[in-house]
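In my numbering, the protein residues as written are 18 to 411. Every residue gets a Cβ at the ideal spot worked out from N, C-alpha and C, and that includes glycine.
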């Protein structure tokens with residue numbers, strides 16, 4: 018029986034990793050419109066359709082174009098175009114920061130993609146750069162006045178802008194996002210002390226162990242919010258197989274920050290998908306959670322996870338309705354200066370959440386068996402309390 022999951026992982030192993038491609042199987046899928054539609058839908062859901070399109074084109078299976086094949090072809094070249102646009106904007110930003118003496122550290126995809134077989138394979142929807150908090154206003158002004166960027170939003174840890182070409186840029190000034198990683202701050206707060214300067218520029222880079230820790234902790238954040246998608250697990254395979262690193266240093270830092278068990282579980286699932294490891298009961302649960310959640314997570318997944326820690330459906334619902342000040346202040350930064358406005362912004366938040374009626378109803382409905390599976394999975398992952406008590410993004 019056709020399995021879209023297995024087909025997608027076969028393609029990802031062959032195109033992005035060291036696996037072999039069964040061209041006969043790929044040809045069979047390409048000639049069966051129903052199977053190809055399922056493969057495309059799954060790949061698109063996880064932002065992997067561009068790699069599937071590249072595999073089909075390489076195998077010569079896009080010559081007789083169908084609607085789905087045309088979509089895959091478009092995804093392939095759109096990823097290349099998007100990569101070039103992001104790299105162009107990143108180069109302009111870092112050159113400007115160096116010219117004006119703004120220390121900066123590129124984050125996430127802009128660092129990881131250079132270890133992929135082809136950099137365009139590692140897609141991203143934005144550029145992430147860390148700068149000192151005291152430089153945030155000057156940096157934003159430089160970007161708007163010199164490069165034509167426009168403001169978008171401001172949060173507790175970053176300022177978001179758009180380039181004239183539509184590229185989203187997040188200027189981070191704190192890696193401990195929205196107090197989610199309060200218990201991990203002893204690892205992430207000293208990033209500048211450990212960063213090393215790149216040549217004669219104002220650019221800096223994290224040491225490998227700290228970068229890997231940040232990747233794992235950021236993945237855990239999204240995981241707890243309903244799912245993280247396939248991409249960060251493919252990143253893990255790349256970071257473990259395409260570069261030299263000190264595993265002992267990585268694990269020492271992960272243990273210090275309480276993320277070692279999560280990292281080991283993620284590494285195992287990554288090796289199952291992209292290497293040769295075999296599933297165990299717990300990794301099957303994690304796989305289902307990740308695949309159903311897609312790239313941005315699913316409200317039902319989040320509800321099942323949060324119910325584990327709230328203890329009952331009623332307590333979970335109450336936690337969604339009444340958000341503590343220490344969390345809601347990150348939704349509405351004005352509350353950090355005017356705490357007395359909190360009740361008014363609680364009401365504003367209710368109107369926002371419950372205006373999305375269908376999403377709210379789905380999220381508040383939890384399944385007992387799914388919640389129990391979530392408990393088994395989360396116990397196996399060993400997620401620390403600082404992450405378990407994470408806020409829910411509205």
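State the DSSP-derived secondary structure class of residue i, mapped to helix, strand or coil.
i, result
"residue 215", "coil"
"residue 42", "helix"
"residue 296", "coil"
"residue 138", "helix"
"residue 86", "helix"
"residue 18", "coil"
"residue 32", "helix"
"residue 312", "coil"
"residue 259", "coil"
"residue 206", "coil"
"residue 197", "For residue 197, the predicted structure reports a pLDDT of 49, less than 50, and the residue's modelled location is therefore unreliable. A value from the coordinates is still provided. Correct three-state label for residue 197: coil."
"residue 235", "helix"
"residue 54", "helix"
"residue 276", "coil"
"residue 74", "helix"
"residue 183", "coil"
On the criterion of 16 or more Cβ atoms from any shown chain inside 10 Å, does residue i qualify as buried, or is it exposed?
i, result
"residue 290", "buried"
"residue 137", "buried"
"residue 70", "buried"
"residue 161", "exposed"
"residue 82", "exposed"
"residue 321", "buried"
"residue 101", "exposed"
"residue 354", "exposed"
"residue 80", "exposed"
"residue 98", "exposed"
"residue 34", "buried"
"residue 55", "buried"
Got a sec? Which residues, its chain only, sit under 8 Å from residue i by beta carbon, not counting five neighbours each side?
i, result
"residue 295", "289"
"residue 179", "166, 167, 169, 185 and 186"
Please return the same chain residues whose Cβ sits closer than 7 Å to the Cβ of residue i, not counting the five positions on each side in sequence.
i, result
"residue 222", "122, 212, 213 and 215"
"residue 109", "164"
"residue 303", "282, 286 and 394"
"residue 253", "283, 284 and 287"
"residue 113", "159, 163 and 164"
"residue 308", "22"
"residue 306", "244, 318 and 394"
"residue 148", "119, 120, 121, 156, 188 and 190"
Report all residues from its chain with a CB closer than 6 Å to the CB of residue i; omit the five preceding and five following residues, and keep chain order.
i, result
"residue 125", "145"
"residue 78", "47"
"residue 249", "236"
"residue 60", "25, 66 and 69"
"residue 233", "276 and 280"
"residue 30", "36 and 291"
"residue 115", "218 and 219"
"residue 366", "none"
"residue 130", "136 and 139"
"residue 267", "226 and 229"
"residue 72", "28 and 32"
Bridge partners of residue i, per DSSP?
i, result
"residue 221", "214"
"residue 97", "Residue 97 is not bridged to any residue."
"residue 175", "189"
"residue 146", "123 and 188"
"residue 168", "178"
Cβ pair count under 8 Å reaching 3, the segment 169-178 against the segment 79-89: no
Touching by the beta-carbon criterion (3+ pairs, under 8 Å), the segment 134-153 and the segment 236-247: Taking 8 Å as the limit for Cβ pairs, the verdict is that the segment 236-247 does not touch the segment 134-153.
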